[in-house]
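Below is one structure, written out as structure tokens; the observations come after it.
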Amino acid sequence: MKIIDFVYNSLLENDKRDELERLKLFKLKTITYLILFYSVLLTAVLDLALQLILHQSIVMPIILILLLLGSYVTIRILFYRNGISLKKE
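First residue of the sequence shown: 1, per the UniProt record's numbering; consecutive thereafter.
Quick look at the structure:
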């Protein structure tokens, strides 16, 4: 996550960007976070399936899935408040 923040901050420091460019960078950063969340969510779901097959405890995968879904909802709320859509314009 620190790498993404570093790239984002260095892009903003290069020169003054207008509001449209800042929104594009915000959108790019958030889409990157969404890709990371989806990949970890897929891993958690696969771990849950493995735990069910092996008849082991399923508490940790379920907690991880709930935390990731909460993060996804938070990102969507941020997009809604900023008036940004993920759909192609």
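Glycine included, C-beta positions come from ideal geometry on N, C-alpha and C. Every value quoted in this text rests on a predicted model; they were computed, and no experiment measured them.
Does L68 pass the burial test, meaning 16 or more other C-beta atoms within 10 Å, or should it be called exposed?
buried
On a Cα-Cα basis, can you pick out the residue from L20, F6, N9, Y38 that is closest to I75?
Y38
Is V73 near the ligand MG, with its Cβ less than 7 Å from a heavy atom?
As for the ligand MG, it is missing from this structure, which has no ligand bound.
If you draw a straight line from the C-alpha of S71 to the C-alpha of I77, how long is it?
10 Å
Please classify A44 as buried or exposed, where buried requires at least 16 neighbouring CB atoms within 10 angstroms.
buried
So, at 8 Å on beta carbons, what are the nonlocal neighbours of I65 in its own chain, with the 5 sequence-adjacent residues on each side left out?
L41, A44, V45, L48
Host alpha helix (DSSP H) of I62 (start-end)
59-82
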